[in-house]
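Asks: Position one of the sequence shown corresponds to residue 1 (the UniProt record's numbering), numbered consecutively onward.
Backbone N, C-alpha and C define an ideal beta-carbon position, used for all residues, glycine too.
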Amino acid sequence: MRDILVMGIIVALVLLTLRRPWIGVLAWCWISLMNPHRYTYGFAYTAPVAAMAAGTTLLALVFYRQKKSPFQGAPTVWLLLFFMWVTVSWLMGLDYKTDYLQWDKVMKVYLMVFVALAMIHSRLQIVALAWVCALSLALLGAKGGLFTLAHGGSYHVWGPPDSFIADNNEFALALVMTIPLLRFCQLQMPSARARLAMTAIMLLCAISVLGSQSRGGLLAISAMTLLLWWRGHKRMLGGVFIALAAMALLAFMPDTWTERMNTIGEYQEDESAQGRFSAWWVSWGVAKHYLFGIGFNLARPELFQLYSPTPQLGTPVAHSIYFQVMGHHGFIGFFLFVMIWISTWRMASKLRKEAASIAQARWCFDLAGMAQASLLGYLVGGSFLSLSYFDLPYYIMAMVVLARAWVRNRGWETETHTGRPWQYRLGLVEPLHGTPPAAPAGRKPARTSSATLQPHR
């Protein structure tokens with residue numbers, strides 16, 4: 001039954017993509033982030049659902065009259081250069097035949113990011129992309145949070161099987177990046193009840209991060225929370241709420257969790273941490289001796305013998321987005337990778353400044369700030385986790401680029417303000433002159449707060 005349901009939804013999305021091609025981007029994001037087919041037990045588990053969504057979207061792109069150039073800012077140029085360098089690095093690697101499957105997987109991620117940049121342009125489309133990315137992982141995060149509460153935090157929370165984020169550490173980092181996106185979606189909702197429900201989902205995602213028992217996840221959520229607190233309008237109240245929530249959650253977690261987190265400050269005696277350092281030395285040594293890196297496989301005993309001071313403590317992965325890219329693609333690949341995120345951060349800062357005084361672009365102000373919070377979590381937590389090629393941060397980059405283009409093109413002057421009631425409630429469209437749409441018969445009209453009608457200061 002579950003297989004039929006999942007496949008039915010995917011087939012419906014494929015058919016809808018033929019009519020509205022940009023829906024295919026949302027379908028791809030949902031499948032690649034949530035991996036719904038991995039929660040089935042029959043034919044759907046191994047069905048090529050991602051290929052179905054991607055193939056239909058690429059076909060629709062050919063006939064899509066509203067497509068634009070995907071290169072609308074520095075981050076996209078850096079991504080293209082990194083895309084090309086990764087391909088060269090793979091071909092020049094130690095074993096390009098064995099690495100082909102990983103290269104193919106990575107290239108599909110980057111290709112669909114460029115497709116999203118070419119097909120998505122309006123406020124409705126950009127905000128819809130944010131909703132899909134956020135809810136795809138938030139549903140799993142809420143489930144993990146409830147699981148943690150039900151079992152007292154005694155068990156790890158894991159991500160979708162056979163995915164980029166199947167491991168508890170990677171799943172925790174993905175949820176950290178999701179929480180600011182949920183906050184962005186919450187800011188666009190006029191209903192107080194809906195905002196309260198979103199707060200509950202964010203708290204469950206935070207509980208799920210702790211329930212994963214990931215030390216990298218703890219560092220990431222701490223950095224992300226600190227940035228959100230610093231940028232809040234009511235720091236005192238926000239600080240008290242964060243402190244109380246943190247104390248309650250930490251008191252709830254078992255002693256085994258506390259002992260594991262305490263090893264962060266005792267890395268000299270922690271074998272796992274020493275294994276990470278060993279892998280980092282290998283990545284550094286490879287980058288020094290191989291201009292193009294060695295491809296996608298660093299787990300080679302001979303490399304640890306050559307470049308690690310403690311080869312017996314080697315790990316099969318780099319446990320760092322930075323050292324992972326450095327070993328895979330050399331110093332040049334590392335430079336290009338870092339520039340993607342530096343340029344994205346700078347563009348988000350510029351977007352915040354440009355949108356702050358424009359009432360119609362307040363959602364762009366919110367998006368830029370939350371994108372930076374997500375990226376900070378990724379860049380901090382990613383220091384200890386191997387998620388260099390995960391889809392979500394690249395889609396966050398795409399949202400920033402698209403929102404900046406929307407502001408520079410004064411999108412509010414060309415887009416219509418008509419929409420269905422549910423679209424207003426999700427913040428997908430802006431009510432004309434700040435007036436909410438008429439509610440369906442039997443329902444009360446949605447309230448519009450004063451913040452909805454005023455620009456950010």
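Within 8 Å (strictly less), CB to CB, does L146 reach chain D?
Replies: The displayed structure is made up of one protein chain only, and chain D is not part of it.
Asks: Pull up the distance between the alpha-carbon of A371 and that of A348, whole angstroms please.
Replies: Residue mapping note: residue 371 aligns to position 371 of the sequence shown, counting from 1. Residue mapping note: residue 348 aligns to position 348 of the sequence shown, counting from 1. Roughly 7 Å between the two C-alpha positions.
Asks: Taking Cβ to Cβ, would you say L173 is nearer than 8 Å to A220?
Replies: Position 173 of the sequence shown, counted from the start, is the residue given in the question as residue 173. Position 220 of the sequence shown, counted from the start, is the residue given in the question as residue 220. Cβ distance < 8 Å, so L173 and A220 count as in contact.
Asks: If you check the beta carbons only, do T148 and S208 fall under 8 Å apart?
Replies: Start at 1 with the first residue of the sequence shown, and residue 148 comes out as number 148. Start at 1 with the first residue of the sequence shown, and residue 208 comes out as number 208. Their beta carbons are under 8 Å apart, which means T148 touches S208 by this criterion.
Asks: Is the stretch 338-347 touching the stretch 302-312 in the sense that three or more CB pairs, one from each, lie closer than 8 Å?
Replies: In short, these stretches do not touch, since the Cβ pair count stays below three.
Asks: Is K97 helix, strand or coil when you go by DSSP?
Replies: Taking the sequence shown and counting its residues from 1, the one referred to as residue 97 is at position 97. Reduced to three states, the DSSP call for K97 is coil.
Asks: Flag this pair as yes or no: are the beta carbons of I23 and L16 separated by less than 8 Å?
Replies: Your numbering for residue 23 matches position 23 in the sequence shown. Your numbering for residue 16 matches position 16 in the sequence shown. Yes, the Cβ-Cβ distance between I23 and L16 is below 8 Å.
Asks: Report yes if the CB atom of S283 is closer than 8 Å to the CB atom of G327, and no otherwise.
Replies: Residue mapping note: residue 283 aligns to position 283 of the sequence shown, counting from 1. Residue mapping note: residue 327 aligns to position 327 of the sequence shown, counting from 1. Taking 8 Å as the Cβ cut-off, S283 and G327 qualify as a contacting pair.
Asks: Can you say whether F43 is buried or exposed, counting buried as having 16 or more other CB atoms within 10 angstroms of its CB?
Replies: On the sequence shown, position 43 is the one that residue 43 refers to. Burial call: exposed.
Asks: Beta carbon of Q66: closer than 7 Å to some heavy atom of the ligand COA?
Replies: No copy of the ligand COA appears in this structure; indeed no ligand is present at all.
Asks: For the alpha helix (DSSP H) that F331 lies in, which residues bound it at each end?
Replies: Mapped onto the sequence shown, residue 331 falls at position 331. Looking at the DSSP string, the run of the alpha helix (DSSP H) that includes F331 is I321 to A355.
Asks: Quick check on DSSP: helix, strand or coil for L387?
Replies: The residue you call residue 387 lines up with position 387 of the sequence shown. Note: L387 maps to coil in three-state DSSP.
Asks: Buried or exposed: where does I340 fall if 16 or more other Cβ atoms within 10 Å of its Cβ makes it buried?
Replies: Mapped onto the sequence shown, residue 340 falls at position 340. I340 comes out buried.
Asks: DSSP three-state call for H37: helix, strand or coil?
Replies: Here residue 37 refers to the residue found at position 37 when the sequence shown is read from its first residue. Helix, per DSSP.
Asks: Taking 8 Å as the cut-off, decide whether the C-beta atoms of L139 and Q423 are in contact.
Replies: The count along the sequence shown starts at 1 and reaches residue 139 at position 139. The count along the sequence shown starts at 1 and reaches residue 423 at position 423. Going by C-beta atoms, L139 is not nearer than 8 Å to Q423.
Asks: Taking N169 and S212 to be in contact with their CB atoms under 8 Å, please state how far apart those CB atoms are, rounded to whole angstroms.
Replies: Counting from one through the sequence shown, the residue named residue 169 turns up at place 169. Counting from one through the sequence shown, the residue named residue 212 turns up at place 212. Yes, N169 and S212 are in contact; Cβ-Cβ is about 7 Å, under 8 Å.
Asks: By Cβ distance below 7 Å, which residues in the same chain neighbour K68 in space, the five residues on each side in sequence not counted?
Replies: Taking the sequence shown and counting its residues from 1, the one referred to as residue 68 is at position 68. Answer for K68: A118 and H121, listed in chain order.
Asks: Give me, in chain order, the residues of the same chain whose beta-carbon lies closer than 7 Å to that of L376; leave out the 5 immediate sequence neighbours on both sides.
Replies: The sequence position of residue 376 within the sequence shown is 376, counting from 1. Excluding residues within five positions, the ones whose Cβ falls inside 7 Å are A223, M224 and L227.
Asks: Determine the closest residue to A130 out of E413, N409, T414 and Y394, with distance taken between C-alpha atoms.
Replies: Here residue 130 corresponds to residue number 130 of the sequence shown, with the count starting at 1. With distances taken between Cα atoms, A130 lies closest to Y394.
Asks: Tell me the rounded alpha-carbon separation between A47 and F390.
Replies: Working through the sequence shown from its first residue, we reach residue 47 at position 47. Working through the sequence shown from its first residue, we reach residue 390 at position 390. Taking the straight line from one Cα to the other gives about 21 Å.
Asks: In angstroms with no decimal places, state the Cα-to-Cα distance between P301 and K353.
Replies: Position 301 of the sequence shown, counted from the first residue, corresponds to residue 301. Position 353 of the sequence shown, counted from the first residue, corresponds to residue 353. Their backbone Cα atoms lie some 50 Å apart in a straight line.
Asks: Which residue from Q66, G369, V176 and L137 puts its Cα closest to that of G232?
Replies: For this step, residue 232 is matched to residue 232 along the sequence shown. Ranking the options by Cα distance to G232, first place goes to G369.
Asks: Start and end of the alpha helix (DSSP H) containing T199?
Replies: On the sequence shown, position 199 is the one that residue 199 refers to. Per DSSP, T199 belongs to the alpha helix (DSSP H) from A192 to G211.
Asks: Which residue comes first and which comes last in the alpha helix (DSSP H) that contains Q423?
Replies: As a position in the sequence shown, residue 423 is number 423, starting the count at 1. Start and end: P421 to R425.
Asks: Going by C-alpha to C-alpha distance, which of T178, L402 and T57 sits closest to V25?
Replies: As a first step, residue 25 is located in the sequence shown; it is residue number 25 there, counting from the start. Selected option, being the one with the closest Cα: T57.
Asks: Please say whether I179 and C205 have beta carbons closer to each other than 8 Å?
Replies: Within the sequence shown, the letter at position 205 stands for residue 205. Within the sequence shown, the letter at position 179 stands for residue 179. It is a contact, given that the beta carbons lie within the stated cut-off.
Asks: Who are the near neighbours of H433 in its chain, counting only those whose CB is closer than 6 Å to its CB and skipping five residues on each side?
Replies: As a first step, residue 433 must be located in the sequence shown, where it is residue number 433. With a pLDDT of only 45 at H433, under 50, the local geometry of the prediction cannot be trusted, and the value read off the model is given with reservation. If we look at H433 and ignore the five residues flanking it on each side, it has no Cβ neighbours.
Asks: Run through DSSP, which three-state label would M189 get?
Replies: Your numbering for residue 189 matches position 189 in the sequence shown. M189: coil per DSSP, three-state reduction.
Asks: Quick one: residues in its chain with C-beta nearer than 7 Å to the C-beta of F365, no 5 flanking neighbours on either side, listed in chain order?
Replies: Locating residue 365 in the sequence shown gives position 365, where the first residue counts as 1. Contacts found: R352, A355, A356 and H456.
Asks: Quick one: grab the DSSP three-state call for N409.
Replies: As a working note, residue 409 is residue 409 in the sequence shown. Residue state, collapsed to three classes: coil.
Asks: Is the beta carbon of D3 closer than 8 Å to that of N297?
Replies: Mapped onto the sequence shown, residue 297 falls at position 297. Mapped onto the sequence shown, residue 3 falls at position 3. Not a contact, by the Cβ cut-off of 8 Å.
Asks: Need the endpoints of the alpha helix (DSSP H) that M84 sits in, please.
Replies: As a first step, residue 84 must be located in the sequence shown, where it is residue number 84. Note, M84: alpha helix (DSSP H), A74 to L91.
Asks: Beta-carbon separation of I201 and L182 under 8 Å?
Replies: The residue you call residue 201 lines up with position 201 of the sequence shown. The residue you call residue 182 lines up with position 182 of the sequence shown. Yes.
Asks: Can you tell me the Cα-Cα spacing of G411 and E430, whole angstroms?
Replies: In the sequence shown, counting from the first residue as 1, residue 411 sits at position 411. In the sequence shown, counting from the first residue as 1, residue 430 sits at position 430. Using only the alpha carbons, I get a separation of about 11 Å.
Asks: Would F304 and S388 qualify as a contact pair, given that the criterion is a beta-carbon distance under 8 Å?
Replies: Counting from one through the sequence shown, the residue named residue 304 turns up at place 304. Counting from one through the sequence shown, the residue named residue 388 turns up at place 388. Contact flag unset, no.
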